[in-house]
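Accompanying notes for the structure given below.
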Amino acid sequence: MTAPAEPTTLPVPDEFTEVHEAALAGFVQAASWFDGATRRAIVEESRAARECAFCAERAAALSLASVAGEHTTASDLAPGLVELVHRLTTDPGRLTRAWFDEVIASGITPEQYVEASGLVGTSTIADTFATAIDGAPRELAPAVHGTPSLERNDQLADVGAYVGVMDYEHPHPRFADRPAPNICRALALVPSAVDEFWELFGPHYRPWTAQPEHKFGRSQIEFVASRTSALNECFY
Amino acid sequence: MESDGGVPHGSYLLEVTEAVVKRRPEDVRALQARGIELLGEAGFVRAIGVASGFDGINRVADAIGIPLDDRFGSLEDAFWEQTKINEYSEGAVVRIRS
Chain A
-1 MTAPAEPTTL PVPDEFTEVH EAALAGFVQA ASWFDGATRR AIVEESRAAR ECAFCAERAA
59 ALSLASVAGE HTTASDLAPG LVELVHRLTT DPGRLTRAWF DEVIASGITP EQYVEASGLV
119 GTSTIADTFA TAIDGAPREL APAVHGTPSL ERNDQLADVG AYVGVMDYEH PHPRFADRPA
179 PNICRALALV PSAVDEFWEL FGPHYRPWTA QPEHKFGRSQ IEFVASRTSA LNECFY
Chain B
-14 MESDGGVPHG SYLLEVTEAV VKRRPEDVRA LQARGIELLG EAGFVRAIGV ASGFDGINRV
46 ADAIGIPLDD RFGSLEDAFW EQTKINEYSE GAVVRIRS
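Residue numbers (my numbering), protein chains in the order written: chain A, -1 to 234; chain B, -14 to 83.
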């Protein structure tokens, strides 16, 4: 499933290479609510979900309740965490508050939920890009020993999401210069998850009109973005 | 025949986006020469980058269950009114959830 990094013949911009290398290093290091081994396992579990027969059967079913079975796992993560990572990877468009409540009831804390969700989102960017460019996701380094910081943000707003989001009336100091759309507020319960996701995502959506030879303009960017969201059945 | 969305090389962009998001590197390779012809090498890589980025951000949005921003909500209200969707019994339920 994975392959070592090899030079591509395509001109990958330096700004991409830098943030992808940083993201890969972060996948195996302790962050706020998981140690490096658990974060590495979450990324490996997300990769394994794409080969999980139970996930494939559920994703194809009209009703999730009509399909019984167990995930094919690649780790010893807690069952609730496995369910979170697999569903978010293979069937993100049909997540509900009831499902979120079940994951939390299984023993996953909201902070862990947010960090894991951000990690799946971030690793999806890295793996989808690497697969298109080099044929497979990059191999993960061994986990780095370290202790989670347990940092959380208590300055949150309720906008009807499953968890509180960034509160612009009382912003966490680290978020003072963040843009306002709800998607940018989503991971604010765990500040390190905000940083991790947006540092990788940023160059992927940044206009590059400074390059006069570009033939891929704003309307095409939005078109690709919209098509991707449609394929994922994401209606945000 | 699929729509091109009214953007330059839209039909091609639909194909390459699907190849990227569905993680079919062999399809990406098959589309590469035409992509370089239409978008340039840098543009082809950027198109892959946008699709990859949104493949990730879609998951963040869905995991957190964030609602549409207010500025989109006002457009949505007009759509709901125009289409009379709220007159269906399930419409009200969906509207509350959104």
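We treat Cβ as the ideally placed atom computed from N, Cα and C, and that holds for glycine.
Compute the Euclidean distance between the alpha carbons of residue i and residue j, then round it to the nearest angstrom.
| i | j | result |
| --- | --- | --- |
| L62 of chain A | R56 of chain A | 6 Å |
| V45 of chain B | L16 of chain B | 29 Å |
| L86 of chain A | G(-10) of chain B | 28 Å |
| I21 of chain B | D12 of chain A | 19 Å |
| G(-5) of chain B | H143 of chain A | 47 Å |
| C232 of chain A | V6 of chain B | 13 Å |
| H170 of chain A | E42 of chain A | 32 Å |
| L229 of chain A | A54 of chain A | 15 Å |
| E16 of chain A | S121 of chain A | 15 Å |
| P77 of chain A | E194 of chain A | 25 Å |
| F29 of chain B | F214 of chain A | 8 Å |
| H202 of chain A | E100 of chain A | 33 Å |
| A20 of chain A | Q27 of chain A | 11 Å |
| Q110 of chain A | F32 of chain A | 7 Å |
Could one say the Cβ of residue i lies closer than 9 Å to chain A's Cβ atoms, at least one of them?
| i | result |
| --- | --- |
| A15 of chain B | no |
| A18 of chain B | no |
| A4 of chain B | yes |
Hey, is residue i's beta-carbon within less than 9 Å of any beta-carbon in chain B?
| i | result |
| --- | --- |
| D165 of chain A | no |
| L93 of chain A | yes |
| I102 of chain A | no |
| P5 of chain A | For P5 of chain A, the predicted structure reports a pLDDT of 48, less than 50, and the residue's modelled location is therefore unreliable. The matter cannot be settled from this model. |
| N230 of chain A | yes |
| V161 of chain A | yes |
| I106 of chain A | no |
| V41 of chain A | no |
| N254 of chain A | The requested residue 254 of chain A is not part of the displayed model; chain A covers only -1 to 234. |
| D125 of chain A | yes |
| V188 of chain A | no |
| L185 of chain A | yes |
| A51 of chain A | no |
Short of 7 Å in beta carbon distance, which residues of its chain neighbour residue i, apart from the five on each side in sequence? Order them along the chain.
| i | result |
| --- | --- |
| D125 of chain A | R45 and P135 |
| A59 of chain A | V65 |
| V112 of chain A | V161, L185, L187, V188 and A191 |
Enumerate in chain order the residues of its own chain whose CB-to-CB distance from residue i is below 8 Å, with the five nearest sequence positions on each side excluded.
| i | result |
| --- | --- |
| R95 of chain A | Y160 |
What does DSSP give as the partner residue(s) for residue i in the beta ladder?
| i | result |
| --- | --- |
| L154 of chain A | A:M164 |
CB-CB under 6 Å to residue i, same chain, minus the five flanking residues each way: which ones, in chain order?
| i | result |
| --- | --- |
| H69 of chain A | C50, F52, V80 and H84 |
When the Cβ atoms of the region 149 to 162 of chain A are set against those of the region 180 to 196 of chain A, are three or more pairs found closer than 8 Å? yes
Decide if the region 212 to 219 of chain A is in contact with the region 31 to 41 of chain B; the criterion is three or more beta carbon pairs, one per stretch, under 8 Å apart. yes
If contact is defined by three or more beta carbon pairs under 8 Å, each pair taking one atom from either stretch, is the region -4 to 13 of chain B in contact with the region 87 to 100 of chain A? no
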